[in-house]
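Trainee: So the sequences go chain by chain: A and B.
Last residue of the first sequence: 422 (my numbering), numbering continuous.
Last residue of the second sequence: 273 (my numbering), numbering continuous.
Note that the Cβ used here is the ideal one computed from N, Cα and C, for glycine as well.
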Amino acid sequence: MSSYAIRAENLSKRFWLNAERHTSLKARVVRGKLPRGHEFWALRDASFEIERGSTFGLVGQNGSGKSTTLKVLAGIYRPTSGSVVVDGRVSALLELGSGFHGDLTGRENIRLNGAILGLTGKQVDAAMDKILDFAGIGEFIDLPVKIYSSGMFVRLAFAIAVSLDPEILMVDEVIAVGDEEFQRKCFDHLFDLRKRGTTIVLVTHSLGLIRDMCDQAMWLEHGQIRKLGPAMEVADSYLADINEREVQAHQVSGGEESAANESKRLGSGEVRITSLEFLDGEGKPNPVLLAGAPCTIRMHYVAHEPVSHVIFGIGFLHESGANVSGPNSGRQGSWSLAPGSGYVDFVIDELLLQPATYRVSTAIVDRGHTYDYADREFDLHVRGRGNQEPGLTRMPGTFNDPVRVTQMAPTSASTLENLRAE
Amino acid sequence: MSIAARPRSSIWAYRFLIQNFAQRDLKSRFKGTLLGWAWSLMVPLATLTTYSLVFSVFFHSTAPNFGNGRTGFFAVWLLVGLIPWNFFLITILISMPTLLANGTLLQKVYFPSYVPVLGAALAILVQTLIECCILAVVLLVFGNIGPTWLLFPVWLALFVVFVTALALSLAIVNIHVRDLAQMVNVALTLLFFLTPIIYQISLVPTVWHGIPFQELVRLSPITDFVTSLRQLAYDLQEPDLTAWLQLLAWTAGAVALAYFVYQRYGLDIGESV
Chain A
1 MSSYAIRAEN LSKRFWLNAE RHTSLKARVV RGKLPRGHEF WALRDASFEI ERGSTFGLVG
61 QNGSGKSTTL KVLAGIYRPT SGSVVVDGRV SALLELGSGF HGDLTGRENI RLNGAILGLT
121 GKQVDAAMDK ILDFAGIGEF IDLPVKIYSS GMFVRLAFAI AVSLDPEILM VDEVIAVGDE
181 EFQRKCFDHL FDLRKRGTTI VLVTHSLGLI RDMCDQAMWL EHGQIRKLGP AMEVADSYLA
241 DINEREVQAH QVSGGEESAA NESKRLGSGE VRITSLEFLD GEGKPNPVLL AGAPCTIRMH
301 YVAHEPVSHV IFGIGFLHES GANVSGPNSG RQGSWSLAPG SGYVDFVIDE LLLQPATYRV
361 STAIVDRGHT YDYADREFDL HVRGRGNQEP GLTRMPGTFN DPVRVTQMAP TSASTLENLR
421 AE
Chain B
1 MSIAARPRSS IWAYRFLIQN FAQRDLKSRF KGTLLGWAWS LMVPLATLTT YSLVFSVFFH
61 STAPNFGNGR TGFFAVWLLV GLIPWNFFLI TILISMPTLL ANGTLLQKVY FPSYVPVLGA
121 ALAILVQTLI ECCILAVVLL VFGNIGPTWL LFPVWLALFV VFVTALALSL AIVNIHVRDL
181 AQMVNVALTL LFFLTPIIYQ ISLVPTVWHG IPFQELVRLS PITDFVTSLR QLAYDLQEPD
241 LTAWLQLLAW TAGAVALAYF VYQRYGLDIG ESV
């Protein structure tokens with residue numbers, strides 16, 4: 001046994017893209033020789049090694065060749081050139097439930113999938129209880145899988161893939177389905193497999209997962225390796241690249257947002273917000289703000305008539321629709337504005353929003369009266385520096401050292417462990 | 001040159017998977033039907049009855065005498081020919097779309113593309129064996145039994161390998177040329193009537209308008225297999241060495257074809273379906 005579970009040398013995969021892939025005999029007779037179409041290199045000259053027992057992450061944008069790589073490693077595709085040697089029994093989880101036959105029961109499908117993974121009937125039966133336990137779908141196991149909910153499908157498929165004791169597990173971003181509890185169970189199990197020495201190859205868009213789980217990572221771009229090395233370094237470079245792209249993209253399209261869509265505006269309109277400007281800690285306009293850093297949101301307005309007692313407000317909404325926060329100037333009193341244009345700065349000492357894109361609404365009101373309301377008209381992009389917490393906002397605070405209140409005998413400690421496991 | 005990440009395994013290593021595919025086929029085929037398994041016998045029975053009625057009663061066709069000297073019985077004689085034909089027909093018809101039907105699976109997991117085809121053939125073989133048992137009982141009733149029956153397993157082995165190899169070749173080519181299934185359908189109907197199953201080959205004119213029909217009918221491998229089965233099960237005669245060599249040649253040819261087609265077109269099914 002070598003120390004590498006997977007060794008790939010100069011791996012390339014070419015596809016021929018033609019409009020009609022499947023041809024009829026008629027077409028062949030009528031048109032003679034078929035055009036081969038355009039060639040497309042989904043993977044080009046990739047060499048890498050995956051150490052036995054390590055976890056290897058594959059990142060990259062959509063269409064960068066991650067899934068092709070995984071399919072080549074799983075043996076589904078043959079490389080066009082180069083070689084790949086995989087040493088160990090592979091269990092690939094490329095799409096959950098794809099190996100299921102609708103008319104067969106869950107139990108029968110487990111046998112079928114076990115056989116696909118190269119196990120004998122006895123080996124599958126030995127793992128049966130573990131699978132049933134992990135999937136936790138109860139009496140449904142003896143019913144045809146076509147009546148399963150998608151959640152049950154996912155549970156069963158994942159349970160099969162991880163319980164049949166693979167030596168090498170390949171996972172293509174499928175864990176992002178299922179309910180919260182099941183997801184946690186999956187991750188716990190992946191960690192457990194990793195501890196037991198299973199080699200894991202993981203395709204994911206989640207840099208958090210790469211940082212948390214992977215030892216090594218490979219960043220693919222247009223089918224070529226952009227960076228290969230320790231997971232942390234690769235994740236950081238990849239993130240930096242994404243941020244840079246985002247900044248560039250917004251500098252090109254920036255300014256368009258300032259043309260406020262008057263017709264969609266609510267309110268009486270004596271005074272309007274014309275544009276929002278995001279300034280970074282150094283006071284320079286920047287379309288992407290950095291989480292945890294100081295910044296300023298500049299609200300440009302134009303008043304057509306003199307108005308008094310006005311209050312400015314900003315609302316931050318996450319893409320999911322959650323209203324994250326909505327500061328307004330009401331606490332500081334109200335202002336009177338003379339006709340003309342100007343701006344109001346909202347100065348933020350430390351941006352607590354976590355990296356994401358937020359929709360921003362603005363409002364100018366006078367107690368019950370609305371002068372101007374721009375509903376989710378602006379976008380705020382927040383990027384991180386790595387090392388982020390989950391959630392929409394940070395929660396400032398510190399954890400104190402543990403304080404022991406009662407003493408416990410060691411045996412009961414393990415009972416507690418069991419309780420927690422349940 | 002490239003080296004793929006595939007286990008270097010033989011067909012034997014995939015026996016459990018083949019068996020599973022066969023079970024899956026058997027289970028899903030009659031699931032939800034009223035009569036279930038009985039259907040697998042109803043269809044051949046209906047065919048047998050119809051052909052017997054039309055040819056024996058309406059057309060007054062006669063069957064040769066049994067090997068034990070008794071007067072021939074058309075339905076029994078026909079059954080001996082229909083069993084191998086049905087195995088051939090159904091295996092080809094079910095195998096051809098089976099790779100397409102398992103397309104999603106082939107795109108997600110690696111296993112050799114011959115596995116689902118062999119599974120399908122195995123499932124049909126199970127039914128054919130049941131039919132063979134019924135035939136044996138019928139022949140026993142007529143007292144038509146002899147030592148040539150011992151050659152049946154040899155004949156069966158050659159026939160199963162021949163049919164499966166042919167089915168595999170067609171199934172793989174069908175992935176690339178999608179209207180092959182329709183063509184084969186037509187060809188099979190013609191082949192049925194050009195094979196001495198419902199008639200004795202002696203009825204075929206040797207030459208008709210300059211066309212050597214009897215020679216043409218004899219050219220078909222199915223004719224060889226059907227004739228030799230009738231010889232050893234019905235006529236209780238041992239097929240001569242030439243006949244055996246002919247069967248062996250057909251089988252070897254089919255295996256060679258399947259091997260070529262599989263190596264040439266069957267290794268990248270995962271990206272072609």
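Check the Cβ of A:L104 against every Cβ in chain B and list those closer than 7 angstroms, keeping chain order.
Mentor: Scanning chain B for C-beta atoms nearer than 7 angstroms to the C-beta of A:L104 yields R24, K27, S28, reported in chain order.
Trainee: Excluding five sequence neighbours on each side, which residues of the same chain lie with their C-beta closer than 8 angstroms to the C-beta of A:A260?
Mentor: Only weak support is given to the placement of A:A260: the predicted model assigns it a pLDDT of 45, under 50, and the question is left unresolved by the model.
Trainee: Helix, strand or coil, according to DSSP, for A:T120 in the structure here?
Mentor: A:T120: coil per DSSP, three-state reduction.
Trainee: With distances taken Cα to Cα, identify the nearest neighbour of B:F111 among A:G88, A:L132, A:G136, A:G75.
Mentor: A:G75
Trainee: Identify each residue in the region 97-131 of chain B for which the Cβ-Cβ distance to at least one residue of chain A is less than 8 angstroms, and report them in chain order.
Mentor: T104, L105, L106, Q107, K108, V109, Y110, F111
Trainee: Quick one: is A:S150 buried, meaning 16 or more other Cβ sit within 10 Å of its Cβ, or exposed?
Mentor: exposed
Trainee: Since A:R111 meets chain B, which of its residues come closer than 7 angstroms, beta carbon to beta carbon?
Mentor: N20
Trainee: Considering just the uninterrupted stretch of the beta strand (DSSP E) at A:N323, what are its terminal residues?
Mentor: 323-325
Trainee: For B:L79 versus B:V126, is the C-beta distance shorter than 8 angstroms?
Mentor: no
Trainee: Identify the contact partners of A:L73 in chain B, using a Cβ-Cβ distance below 7 angstroms as the criterion.
Mentor: A5
Trainee: Could you name the residues of the region 229-243 of chain B whose beta carbon sits closer than 7 angstroms to any beta carbon of chain A, in the order they occur along the chain?
Mentor: Cβ contacts with chain A: none found.
Trainee: Distance check for A:W219 and A:S258, CA to CA, integer angstroms please.
Mentor: Bear in mind that a pLDDT of 43 at A:S258, under 50, signals an unreliable position, so the model cannot answer this.
Trainee: So who's on the other strand from A:E9, going by DSSP bridges?
Mentor: Bridge partners of A:E9: A:S83.
Trainee: What is the residue span of the alpha helix (DSSP H) that B:Q127 lies within?
Mentor: 114-141
Trainee: Below 9 angstroms on C-beta distance, what does A:A94 contact in chain B?
Mentor: Per the sequence shown, the amino acid found at residue 94 of chain A is Leu instead of Ala. Going along chain B in sequence order, the residues near A:L94 (Cβ under 9 angstroms) are Q107, K108, V109.
Trainee: Look at the Cβ atom of A:D366, then the Cβ atom of A:G269, and state whether they are nearer than 8 angstroms.
Mentor: Taking 8 angstroms as the Cβ cut-off, A:D366 and A:G269 do not qualify as a contacting pair.
Trainee: Based on the DSSP output, what are the partners of B:W155 in its beta bridges?
Mentor: None, per the DSSP bridge assignment.
Trainee: Does A:M299 come out as helix, strand or coil in the three-state DSSP assignment?
Mentor: strand
Trainee: Does the distance from the C-beta atom of A:R52 to that of A:T199 stay below 8 angstroms?
Mentor: Taking the C-beta atoms as reference points, A:T199 is found nearer than 8 angstroms to A:R52.
Trainee: From the DSSP output, which residues share a beta bridge with A:Q224?
Mentor: Answer is A:E221.
Trainee: Against chain A, which members of the region 254-273 of chain B pass a CB distance test of less than 7 angstroms?
Mentor: So the close ones are L267, D268, G270, E271.
Trainee: Less than 8 angstroms between CB atoms is the rule here; does B:F58 satisfy it with respect to chain A?
Mentor: So, not an interface residue.
Trainee: Tell me which same chain residues have a C-beta within less than 6 angstroms of the C-beta of A:N109, skipping the five on either side of it?
Mentor: F100, V145
Trainee: By the 10 Å Cβ neighbour count, where 16 or more other Cβ atoms means buried, how is A:A303 classified, buried or exposed?
Mentor: With 16 or more neighbouring CB atoms inside 10 Å of its own CB, A:A303 falls in the buried class.
Trainee: Go ahead and pull the three-state DSSP assignment for A:D125.
Mentor: In the structure shown, the three-state DSSP call for A:D125 is helix.
Trainee: Please work out which residues of its chain come closer than 8 angstroms, Cβ to Cβ, to A:E422, disregarding the five sequence neighbours upstream and downstream, and give them in chain order.
Mentor: Confidence at A:E422 is low in this model, with a pLDDT of 48, below 50, so the placement of that residue should be treated as unreliable; the coordinate-derived value is given next. Correct list: empty, nothing qualifies.
Trainee: Rounded to the nearest angstrom, what separates B:Y130 and B:I83 at their Cα positions?
Mentor: First, the amino acid is wrong: residue 130 of chain B is Ile here, not Tyr. Rounded to the nearest angstrom, the two C-alpha atoms are 10 angstroms apart.
Trainee: So does the region 327-344 of chain A actually touch the region 386-403 of chain A, counting three or more Cβ pairs closer than 8 angstroms?
Mentor: no
Trainee: Compare the C-alpha of B:L17 against each of A:L94, A:T120, A:G57 and name the closest.
Mentor: Checking every option, the nearest Cα to that of B:L17 belongs to A:T120.
Trainee: Helix, strand or coil for A:G37 per DSSP?
Mentor: coil
Trainee: Do B:S61 and B:F73 come within 8 angstroms of each other at the CB atom, strictly closer than that value?
Mentor: no
Trainee: Whose Cβ in chain A lies nearer than 7 angstroms to the Cβ of B:F152?
Mentor: Neighbours of B:F152 on chain A: none; closest Cβ ~30 angstroms, over 7 angstroms.
Trainee: Using Cβ-Cβ distances below 9 angstroms, what residues of the region 75-89 of chain A are close to chain B?
Mentor: G75, I76, Y77, R78, P79, T80, S81, G82, S83, V84, V85, V86, R89
Trainee: With a cut-off of 8 angstroms, does the C-beta of A:E108 fall near any C-beta of chain B?
Mentor: yes
Trainee: Taking C-beta pairs closer than 7 angstroms, name the residues in chain B that A:I116 reaches, listed in chain order.
Mentor: L17, V109, F111
Trainee: Along chain B, in chain order, which residues have C-beta atoms closer than 8 angstroms to that of A:H101?
Mentor: Under the 8 angstroms cutoff, chain B gives R24, S28.
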